[in-house]
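Okay, structure first, notes after.
In the working numbering, the protein residues as written are 2 to 88.
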């Protein structure tokens with residue numbers, strides 16, 4: 002766009018609508034989180050892929066096998082196994 006007064010006005014209008022839309026999205030997201038927090042089983046963040054029982058079983062296997070072997074048997078990544086073992 003060139004720097005004419007009309008193009009500056011149009012650009013400012015576009016920026017204002019973009020900011021307005023962003024504010025609406027943020028507002029709706031915050032409202033949704035507030036409603037979700039009212040539920041007793043609400044947990045923020047990504048759900049765990051493996052249960053604690055599965056992790057414990059894999060750590061028991063680790064006593065007899067290597068990380069790589071346990072990972073292949075259980076489908077739990079080596080990094081997840083190492084992280085759980087450190088706890």
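C-beta: ideal position from N, C-alpha, C; glycine also.
These figures come from a predicted structure and were not determined experimentally.
Distance CB(residue i)-CB(residue j) smaller than 8 Å
i          : j          : result
residue 39 : residue 63 : no
residue 68 : residue 79 : yes
residue 59 : residue 77 : yes
Residue span of the alpha helix (DSSP H) that contains residue i, given as start and end
i          : result
residue 38 : 6-38
residue 77 : Counting along the chain, residue 77 falls outside any alpha helix (DSSP H), and DSSP gives it neither H nor E.
Supposed contact pair residue j and residue i - C-beta distance, whole angstroms, cut 8 Å
i          : j          : result
residue 53 : residue 75 : So it is not a contact: roughly 14 Å between Cβ atoms.
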